[in-house]
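Reading through the structure tokens given below for one structure.
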Ligand SMILES: Cc1cc2nc3c(=O)[nH]c(=O)nc-3n(C[C@H](O)[C@H](O)[C@H](O)COP(=O)(O)OP(=O)(O)OC[C@H]3O[C@@H](n4cnc5c(N)ncnc54)[C@H](O)[C@@H]3O)c2cc1C
């Protein structure tokens, strides 16, 4: 277990934003998890589990707690389609390797940033697929009680950008068993993966630090008649969702900048760090967008990203 003290969290997040943290602890084995749990109970301190840092915003203030950086990197592809992976495998690597080895089922996630554990916790998804569709089992440990438990897909309680682990942040995801279709054509899987990567390069402002979509998309059942009509007219409804980017763009908010943070010109649900943004700049922009949307459509936007203070 490696303990660092008083370090800047910036470089561990894709936003490149955030203040200093009291403890930054790296763990690589279940034995070290036990040491960590003892450390946490002795210090009686709050903690946060860090994955790839691609869906979070640390505030500028000192984080008076422990940031836990697990490094579980198991990597096993079985002939029956079961794939056992450490929670800290990068999604880019997981997707590439499954396509290369001819395991179908993950190519939709080409270009999805972050780690597998983060994707499970938030039930990451895109292009009509979600990670929940291929999860068979999740091994996790409770950082308060030391309980080690295997969760079935059902027990993970997956929903739109949601899971059991989101509601219960004391559970550290260690390993996941996915179920994929082996024996597929590797070349065509890699082709689909690359199409997704290129789509993202084209549509997302990857030239600036960002954390993906700031707000969740809108459930069509929850918006007012006026917005529903507008979305229908503009043919932007996907399944039962209206993209929040559409609403922000409709209100003419693209390009609005506060300090070093800006609503992306390329994708209105992205805030980009264009010039050493402070977390406060981003929070002010979030507040600004929420107020405008509330004013116009009487709607409360919900953050997809997690704000940590
Ligand atoms: C350019 C860009 C595009 C994106 N596109 C998409 C998209 O299409 N679809 C989508 O769903 N998301 C998207 N995202 C958001 C983000 O990539 C995903 O949510 C990703 O799955 C987060 O994983 P992470 O490892 O970076 O998690 P982090 O940001 O590090 O953490 C997110 C949450 O997961 C928890 N967590 C992380 N690891 C563990 C673990 N091992 N055990 C328990 N909890 C853990 C953290 O505590 C935190 O609460 C995008 C982000 C960017 C920057």
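In this note's numbering, the protein residues as written are -12 to 296. Backbone N, C-alpha and C fix where the C-beta goes; we use that ideal spot for every residue, glycine too.
Asked: In the DSSP assignment, what residue or residues form a beta bridge with residue 127?; Found: 136 and 160
Asked: Keeping to the same chain, check which residues put their C-beta closer than 7 Å to that of residue -3; ignore five residues upstream and five downstream.; Found: 3, 4 and 5
Asked: Determine, using beta carbons only, whether residue -11 and residue 16 come nearer to each other than 9 Å.; Found: no
Asked: Hey, residue 214 and residue 284: beta-carbon distance below 9 Å or not?; Found: yes
Asked: Are there 16 or more other CB atoms within 10 angstroms of the CB of residue 0, so buried, or fewer, so exposed?; Found: buried
Asked: Is the closest heavy atom of ligand 1 to the C-beta of residue 97 under 8 Å?; Found: no
Asked: For residue 248, report the span of its beta strand (DSSP E) as first-last.; Found: 248 to 250
Asked: Report whether the distance from the Cβ of residue 153 to the nearest heavy atom of ligand 1 is below 8 Å.; Found: yes
Asked: With distance defined between alpha-carbon atoms, name the residue in 165, 294, 148 and -9 nearest to residue 113.; Found: 148
Asked: Straight-line CA distance for residue 29 to residue 23?; Found: 10 Å
Asked: Mapping DSSP to helix, strand and coil, what is residue 10?; Found: strand
Asked: Expressed to the nearest angstrom, what Euclidean distance is found between the alpha-carbon atoms of residue 209 and residue 196?; Found: 31 Å
Asked: Using only alpha-carbon positions, find the residue among 62, 77 and 25 that is nearest to residue 37.; Found: 77
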